[in-house]
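Okay, so here's the structure we're looking at.
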């Protein structure tokens, strides 16, 4: 049975987006107050919890690994939207505006995934989910270093590309976890 990565990706993103839009309706865009470093730290907390659960195999709170990967997807989108928005943009954004911003970030990130997937031959399908977790953690540490260097890099891609990679790794994990 041949996999259709594009359809699986879209199905996973539909789950993530649905939750994101529901939370936007519940909470508004309170995330607009977050500085980039705070979003990075939130991503770290989520990824570290996944790694801890993978190692300990026991959860003491009622949030699954799946829900944490969904949170990583959505926090990556928040991070990319925050990079796109400016200080002159309002903190409270209309839900239709948020949905358009969300879709735009996901569209460019999916295209990057499709291009890389072509070049790497869908190697992620043979990876362990725990390796995807580790790659996300590594990308988070890279972003933290770039942030500590005030965005300066000598030979590396910037934070936006790292957020895109983290989002795509989280989607791969969710596909492997059969979320959609």
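In the numbering used here, the protein residues as written are 795 to 974.
For every residue, glycine included, the Cβ atom is placed at its ideal position computed from N, Cα and C.
Asked                                                                                                                                  : Found
Cβ neighbours of residue 906 in the same chain (closer than 6 Å, five flanking residues each side left out)                            : 958
Own chain partners of residue 895 with C-beta closer than 6 Å, once the 5 adjacent residues on each side are dropped                   : 875
Within 8 Å, strictly: CB atoms of residue 840 and residue 865                                                                          : yes
DSSP state of residue 866 mapped onto helix, strand, coil                                                                              : helix
Where residue 944 falls: helix, strand or coil (DSSP)                                                                                  : coil
Backbone secondary structure at residue 964 - three-state DSSP                                                                         : helix
Residue 974 beta carbon less than 8 Å from that of residue 863                                                                         : no
Through-space distance from residue 813 to residue 856, alpha-carbon basis                                                             : 17 Å
Residue 951 in three-state terms, based on DSSP                                                                                        : coil
Three-way DSSP call (helix, strand, coil) for residue 853 in this model                                                                : coil
Minimum C-alpha distance to residue 847 - residue among 838, 818 and 858                                                               : 858
Distance CB(residue 834)-CB(residue 969) smaller than 8 Å                                                                              : no
Buried versus exposed, by CB contacts within 10 Å (16 or more), residue 972                                                            : exposed
Rounded straight-line distance, which links the Cα of residue 950 to that of residue 817                                               : 34 Å
Contacts around residue 900, its chain only, beta-carbon distance under 7 Å, and the 5 residues preceding and following it disregarded : 807 and 871
CA-to-CA distance, residue 800 to residue 908, given in whole angstroms                                                                : 8 Å
Alpha-carbon to alpha-carbon, residue 811 and residue 902                                                                              : 15 Å
Classification of residue 975 by the beta-carbon crowding that lies within 10 angstroms, buried from 16 upward                         : For residue 975 there is no data in the structure shown, the boundaries of the chain being 795 and 974.
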